[in-house]
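In numbering that gives the first Met the number 0, the protein residues as written are 0 to 102.
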Amino acid sequence: MIRQVIEKYYEYNVDIHNIFIDYIHAFNSIKTNKILDSLTQNKIPSKLIRLIKLTLENTTAKVKVKNAYMMEFRVASGVKQGDPLSSTLFSLVIDTVLKKNLI
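Here's what the structure looks like:
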């Protein structure tokens, strides 16, 4: 289907811009400060930004292997997996990135 869309754009001499995102890698690679910058750029109220910042700072995790937990480690980037807010935060960051590069 993508090939057909590209062919039609080419046939009618219309510019087309494609973006392909590895969402698994992208979710895990967003830096916390970039998330907060994106919230500010999208005019999210400062009170909500402070609350979101509290949920993102000083986050730690443990990996469980065969009923035993490994050593705790600090999570410095990415959004929390399974957190209902994660998809919204990720969408705001991607929106900010796309707007910055297309304007």
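Yeah, the Cβ is synthetic: ideal placement off N, Cα and C, and Gly gets one too. Model, not experiment: these values are computed from the prediction.
Check	Outcome
If you count every other CB in all the chains shown that lies within 10 Å of the CB of LEU84, and 16 or more means buried, which is it?	exposed
With distances taken Cα to Cα, identify the nearest neighbour of VAL74 among TYR9, LYS61, ILE5 and ASP82.	LYS61
For LYS63, name the three-state secondary structure that DSSP assigns.	strand
Candidates GLN80, THR59 and SER76: which alpha carbon is nearest MET70's?	THR59
Inspect the beta-carbon positions of THR31 and SER76 and report whether they are closer than 8 Å.	yes
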